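Undergrad:
Number of protein chains: 2
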Amino acid sequence: MKGYVQVYTGDGKGKTTAAIGLAIRAAGAGFKVFFAQFLKSGEYSEHKALERFSDLIEVRQYGRGCFIKGTPEKEDIEAAKRGLLEIREVVNSGKYRLVILDEANIAVYYGLIEVDDLLDIIRNRPDHVEIVITGRKADPRIIEEADLVTEMKEIKHYYKKGVLAREGIER
Amino acid sequence: MKGYVQVYTGDGKGKTTAAIGLAIRAAGAGFKVFFAQFLKSGEYSEHKALERFSDLIEVRQYGRGCFIKGTPEKEDIEAAKRGLLEIREVVNSGKYRLVILDEANIAVYYGLIEVDDLLDIIRNRPDHVEIVITGRKADPRIIEEADLVTEMKEIKHYYKKGVLAREGIER
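In structure tokens:
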């Protein structure tokens, strides 16, 4: 079965959440999944849940967890670049039917990784490997390369009412 | 912790997938989840995966699995109405922190259930119960009532290239 490239972008809630759903669905079919997270660090509720799938879903984080505004620091860039090296190996190995690159769009946007490097990984992947890329501000070249793109458009959001990220719902 | 109403609508891929992600994240925090599916019937990959959470996530289907075009049949309406009765009880019981009503928007759109009945359940829910409603063509009154609305906008979709629903990826 051929693998495609899916992109989930836009400002609305649901991008990482959909990626978790995709990981779960793939695991339900017995596929191995590599779930890479850029920028993020720390254990959220989804990580606790995904532990039940440690035989099928591997989660790896390449970030420091702090919000990046303006200029990323050296450590942020190093973590992301290290991530990309590991992801290249993982994709090339063909062992994982589904490789999720959570927040990779944002990592490109902030200059932590090069869009050309990401495109190179995508284009040279084994034919059966499906790639999912999430994050706001997807690069036009990533959108061009993708087979499926969904924009999560924010119509209404309760953070504007002052609701903070809640355990088990947002994190 | 207060529960809100989240709606995922639009034509793009990712609505049910995000709902699965929300269920998993909530389960990771130890919350009980009721995952109701209108219209759908049959075991997909996600159901096989969710079996690993049978202590926390309960999945129930109120449909016949066939695509409804034009006029729904009596059996479709009966299944959906039976579902709504059960959901009302489940919500009122307050036992589930998260209640997902997958494809409820479409059930309203095709006249299988009344939007007033759905609104009544939402408005009279215990304060801590979070409701998630998915499906294309969300009714304006549901959007009005919701605290968070994301439109999954289709930018590009591989079904236009002739790719059919694939096990472990779409189903």
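Residue numbers (this note's numbering), protein chains in the order written: chain A, 87 to 257; chain W, 87 to 257.
Glycine included, every Cβ here is placed at the ideal spot set by N, Cα and C.
Computed from a predicted structure; not experimentally measured.
At what residue ranges does the region 172-236 of chain A contain a whole run of the beta strand (DSSP E), taking only runs of 3 or more?
TA: 184-188 and 216-220, all fully within the region 172-236 of chain A.
Undergrad: Is W/E164 helix, strand or coil by DSSP?
TA: As a working mapping, residue 164 of chain W is identified with position 78 in the second sequence. Residue state for W/E164 is assigned as helix, using DSSP reduced to three classes.
Undergrad: Threshold first: 4 residues or longer. Then list the alpha helix (DSSP H) segments lying entirely within the region 93-138 of chain W, N to C.
TA: 101-114 and 131-136
Undergrad: Whole angstroms are fine: how far does the CA of W/L184 sit from the CA of W/T102?
TA: As a first step, residue 102 of chain W must be located in the second sequence, where it is residue number 16. As a first step, residue 184 of chain W must be located in the second sequence, where it is residue number 98. If you take the alpha carbons of W/T102 and W/L184, they lie about 15 angstroms apart.
Undergrad: Note down, in chain order, all residues in the region 224-246 of chain A with a beta-carbon under 8 angstroms from any beta-carbon belonging to chain W.
TA: I229, A232, D233, L234, V235, T236, E237, M238, K239, E240, I241, K242, H243 and Y244
Undergrad: If distances are taken between C-alpha atoms only, which option among A/K118, A/E216, A/K134 and A/T236 comes closest to W/G114?
TA: Along the second sequence, one-based indexing puts residue 114 of chain W at 28. Looking at the Cα atoms, A/K134 is the closest of the given residues.
Undergrad: Please compile the residues from chain W whose C-beta is within a distance smaller than 8 angstroms of the C-beta of A/F117.
TA: The residue given as residue 117 of chain A occupies position 31 in the first sequence. Those within 8 angstroms of A/F117 in chain W are G254.
Undergrad: On the three-pair Cβ rule with 8 angstroms, is the region 212-220 of chain A touching the region 92-108 of chain A?
TA: Taking one beta carbon from each stretch, the region 212-220 of chain A and the region 92-108 of chain A have 3 or more pairs nearer than 8 angstroms; the two touch.
Undergrad: Taking Cβ-Cβ distances shorter than 8 angstroms, what residues in chain W pair up with A/I110?
TA: Position 24 of the first sequence, counted from the first residue, corresponds to residue 110 of chain A. Here the neighbours are I106, G107, I110, E132, A135 and L136.
Undergrad: Thinking C-beta only, is A/I229 closer than 9 angstroms to W/K242?
TA: The count along the second sequence starts at 1 and reaches residue 242 of chain W at position 156. The count along the first sequence starts at 1 and reaches residue 229 of chain A at position 143. For W/K242 and A/I229, yes; Cβs fall inside 9 angstroms.
Undergrad: Look up A/K88 in the DSSP assignment and say whether it is helix, strand or coil.
TA: Counting from 1 along the first sequence, the entry for residue 88 of chain A is found at position 2. A/K88: coil per DSSP, three-state reduction.
Undergrad: What are the residues that DSSP puts in a beta bridge with W/K239?
TA: Within the second sequence, residue 239 of chain W is the residue found at index 153, counting from 1. When DSSP reads this structure, W/K239 sits in a beta bridge with A/E237.
Undergrad: So which residues of chain W does A/E216 contact, with C-beta pairs closer than 7 angstroms?
TA: Within the first sequence, the letter at position 130 stands for residue 216 of chain A. What A/E216 touches in chain W: I255.
Undergrad: Work out the CA separation of A/D225 and W/E144 for me, nearest whole Å.
TA: Walking along the second sequence from the start, residue 144 of chain W turns up at place 58. Walking along the first sequence from the start, residue 225 of chain A turns up at place 139. If you take the alpha carbons of W/E144 and A/D225, they lie about 39 angstroms apart.
Undergrad: Comparing alpha-carbon positions, which option in W/L250, W/Y245 and W/N210 lies nearest W/E231?
TA: By one-based count along the second sequence, residue 231 of chain W stands at place 145. Answer by Cα proximity: W/N210.
Undergrad: What first and last residue would you give for the beta strand (DSSP E) that runs through A/E144?
TA: As a first step, residue 144 of chain A is located in the first sequence; it is residue number 58 there, counting from the start. I143 to Y148 is the extent of the beta strand (DSSP E) around A/E144.
Undergrad: Between A/Y195 and A/G169, how many whole angstroms is the CB-CB distance? I'm expecting something under 8 angstroms.
TA: Here residue 195 of chain A is taken as the residue at index 109 of the first sequence, counted from 1. Here residue 169 of chain A is taken as the residue at index 83 of the first sequence, counted from 1. Under the criterion of beta carbons closer than 8 angstroms, A/Y195 and A/G169 do not qualify as touching, at roughly 15 angstroms.
Undergrad: Would A/E246 pass as a contact of W/G96 if the rule is Cβ separation under 9 angstroms?
TA: Here residue 246 of chain A refers to the residue found at position 160 of the first sequence. Here residue 96 of chain W refers to the residue found at position 10 of the second sequence. A small correction: the amino acid at residue 246 of chain A is Lys; Glu does not occupy that position in the sequence shown. Taking the C-beta atoms as reference points, W/G96 is found no nearer than 9 angstroms to A/K246.
Undergrad: State the Cα-Cα distance for the pair W/R150 and A/A109, rounded to the nearest angstrom.
TA: Indexing the second sequence from 1 puts residue 150 of chain W at position 64. Indexing the first sequence from 1 puts residue 109 of chain A at position 23. Between W/R150 and A/A109, the C-alpha separation is close to 26 angstroms.
Undergrad: With A/V235 and A/I207 assumed to form a contact (beta carbons below 8 angstroms), what rounded beta-carbon distance in angstroms separates them?
TA: As a working mapping, residue 235 of chain A is identified with position 149 in the first sequence. As a working mapping, residue 207 of chain A is identified with position 121 in the first sequence. The Cβ separation is near 18 angstroms, so there is no contact.
Undergrad: Going by C-alpha to C-alpha distance, which of A/E175, A/G116 and A/A122 sits closest to W/R138?
TA: On the second sequence, position 52 is the one that residue 138 of chain W refers to. Nearest of A/E175, A/G116 and A/A122 to W/R138, Cα basis: A/G116.
Undergrad: Name the residue from A/L204, A/Y130, A/G254 and A/E132 whose alpha carbon lies nearest to the alpha carbon of A/V93.
TA: The count along the first sequence starts at 1 and reaches residue 93 of chain A at position 7. The candidate whose alpha carbon is nearest that of A/V93 is A/L204.
Undergrad: Is there a Cβ from chain A that is less than 9 angstroms from the Cβ of W/L184?
TA: Here residue 184 of chain W refers to the residue found at position 98 when the second sequence is read from its first residue. Judged by the 9 angstroms Cβ criterion, W/L184 is in contact with chain A.
Undergrad: Here's a check: name, in chain order, each residue in its chain whose Cβ is nearer than 8 angstroms to the Cβ of W/I173, leaving out the five neighbours to either side.
TA: If you number the second sequence from 1, residue 173 of chain W lands on position 87. Within the same chain, W/I173 has close Cβ partners F120, A122, V185, L187 and I207.
Undergrad: Using beta-carbon positions only, say whether W/I106 and A/G107 come within less than 9 angstroms of one another.
TA: To locate residue 106 of chain W, count along the second sequence from 1; it is residue 20. To locate residue 107 of chain A, count along the first sequence from 1; it is residue 21. Yes.
Undergrad: Which residue wins for smallest C-alpha separation from A/K88, given the options A/G248, A/P212, A/V249 and A/I199?
TA: In the first sequence, residue 88 of chain A corresponds to position 2, counting from 1. It is A/P212.
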